[in-house]
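Inspection log for the structure reproduced underneath, given as structure tokens.
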Amino acid sequence: MSAEQREPEKREFAIRRILVAIDASLRSLAALEAAADLAAQLHAELLGLFVEDIDLLRLAGTPAAIHCVYPSASDQPLRAGQIECELRALAERARRELAGAAERAHVPWSFRTVRGQVAAEVLLAAAEADLLTLGEVGRSIARRLGLGSTARAAIAGARSSLLLVQGRIPRMQPVLAAYDRSPGAAEACRFAAHLAESTSGLLTVFLTSPSGWREPAIEAEVARLLAGMKLHVRFHWLESEEKQLFLRAVQSEHGGVLVIGGQSSYSDEQLVEKLLHQTSHPLLILGTRSNPVLLTPPE
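Going by numbering that gives the first Met the number 0, the letters in the sequence shown line up with residues 0 to 298, in that order.
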């Protein structure tokens with residue numbers, strides 16, 4: 000059987016445990032709201048994690064650790080006990096925020112605090128969940144928006160699902176999917192279809208033509224993949240897999256979440272960052288274990 004005639008493999012996804020890393024910052028609270036929305040949509044459990052940063056605790060008490068007191072602008076030594084007290088207060092606030100979000104979404108929840116290096120602890124905890132949620136779009140010293148360090152570590156090394164958000168996930172917009180026939184592309188398309196089926200019922204699929212022309216055989220592959228689903232499907236053809244062409248195509252579309260396979264050429268970090276900051280779409284990338292990775296742009 001030729002590649003054009005092959006039957007795409009159908010695999011179902013069961014997201015039952017959504018982990019959200021909360022530090023009580025505004026972006027992590029936005030991630031919490033998005034995770035709670037998704038948990039309600041998928042009938043999943045919401046798990047909260049607060050990491051006491053061991054590097055910050057180690058810094059406290061050293062000569063370099065100075066606390067500038069406002070408004071007097073006087074310098075005072077930064078003590079480990081002071082940092083521990085503040086971290087406990089932040090953890091308690093994170094727990095309350097999680098409880099409130101879970102109650103509003105009517106989903107079960109749990110919360111825990113761990114101590115360690117933030118990125119390592121988050122990735123370790125993610126191995127026990129189906130989906131990891133981070134509010135990890137940061138801002139550099141040069142005030143340029145970019146991916147935060149934990150987000151970069153998760154994209155590079157996480158084997159579980161990832162959801163990086165800055166705001167709520169649009170629910171009544173068409174879901175977008177990239178079907179480039181790379182390994183995992185069929186799973187990405189199928190997962191996008193499930194999201195669309197539970198929200199708007201609208202799915203737009205980006206297709207790449209090796210010949211530069213519309214190919215009915217590839218459309219037929221997608222139709223077989225989505226057989227039996229209650230969807231309105233529209234195809235958007237691309238003349239090549241060139242990344243700038245894909246970026247422009249995404250920019251031209253109105254819609255919600257964009258789903259990409261984890262082994263697609265569209266899932267590299269540079270293009271991901273451009274998609275986040277040059278389009279209005281949340282971005283979902285299937286991870287190395289065929290788990291979903293969801294990133295959303297800042298509002």
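Don't be surprised by glycine CBs; every beta carbon is placed ideally from N, CA and C.
Cβ shell of residue i (< 7 Å), same chain only, five flanking positions each side left out
i    : result
T149 : V117, A118, V121, L133 and E135
D36  : A104, R167 and I168
F234 : V204, L206 and E218
E221 : For the sequence presented, residue 221 should be read as Val rather than Glu. Result list for V221: Y178, C188 and V204, in chain order.
V232 : L202, V204 and L225
R213 : W236
S197 : Q40
Pair within 7 Å by beta-carbon distance, residue i and residue j
i    : j    : result
L230 : A195 : yes
L18  : A155 : no
T278 : V258 : no
G183 : G260 : yes
V16  : I53  : Just to set this straight, residue 16 is Arg in the shown sequence, not Val. Result no, Cβ atoms of R16 and I53 do not sit closer than 7 Å.
A93  : I21  : yes
E32  : A128 : no
Q262 : S181 : yes
Nonlocal neighbours in the same chain, by C-beta distance under 6 Å from residue i, ignoring five residues either side
i    : result
A152 : A118
P169 : G255
R87  : none
T207 : D179, L237 and E240
S109 : L46
E51  : L86 and R114
L41  : I14
S27  : I21 and G134
A72  : Unreliable positioning characterises A72 in this predicted model, as indicated by a pLDDT of 45, which lies under 50. The coordinate reading is nonetheless provided below. Here the set comprises nothing.
L274 : L282
L270 : K242
S266 : I259 and I284
Expected contact under 8 Å - CB spacing of residue i and residue j to nearest Å
i    : j    : result
L97  : L45  : 7 Å
S160 : L130 : 4 Å
V164 : A30  : 5 Å
L89  : A34  : About 18 Å; that fails the 8 Å criterion.
I82  : L56  : 6 Å
A192 : M228 : 5 Å
F190 : T112 : With a Cβ gap of about 32 Å, F190 and T112 do not count as contacting.
Q172 : H253 : 7 Å
8 Å CB neighbourhood of residue i in its chain, flanking five on each side removed
i    : result
P107 : E44, L45 and A101
E268 : L146, R151, I154 and A155
R142 : Note that R142 scores a pLDDT of 36, beneath 50, so its modelled location is shaky; the value from the coordinates is reported in the next line. If we look at R142 and ignore the five residues flanking it on each side, it has no Cβ neighbours.
Short CB-CB distance (under 7 Å) between residue i and chain B
i   : result
A88 : Annotation note: the requested chain B is absent from the structure, which comprises a single protein chain.
>> Closer than 8 Å is the cut-off here; do at least three beta carbon pairs connect the segment 268-285 with the segment 170-187?
In response: Remark: three or more beta-carbon pairs, one from each stretch, lie closer than 8 Å, so the segment 268-285 and the segment 170-187 are flagged as touching.
>> Suppose only complete runs of 3+ residues qualify. What are the beta strand (DSSP E) ranges in the segment 146-214, listed by chain order?
In response: The segment 146-214 contains these whole beta strand (DSSP E) runs: 161-163, 174-178 and 201-207.
>> Does the contact criterion of 3 or more C-beta pairs under 8 Å hold for the segment 242-249 versus the segment 209-219?
In response: The segment 242-249 makes no contact with the segment 209-219: fewer than 3 CB pairs, one atom from each, lie closer than 8 Å.
> Which full runs of the beta strand (DSSP E) of 3+ residues lie inside the segment 24-52, going along the chain?
Replying inline: Counting whole runs of 3 or more residues, the segment 24-52 contains the beta strand (DSSP E) stretches 44-52.
>> Quick check for students: name the residue ranges of the beta strand (DSSP E) that lie wholly in the segment 225-293, counting only runs of 3 or more.
In response: Qualifying beta strand (DSSP E) stretches, in chain order: 231-237, 257-259 and 282-285.
> Of all the beta strand (DSSP E) runs that stay within the bounds of the segment 97-136, which reach a length of 3 or more residues?
Replying inline: DSSP runs (the beta strand (DSSP E)) wholly in the segment 97-136: 108-115 and 130-133.
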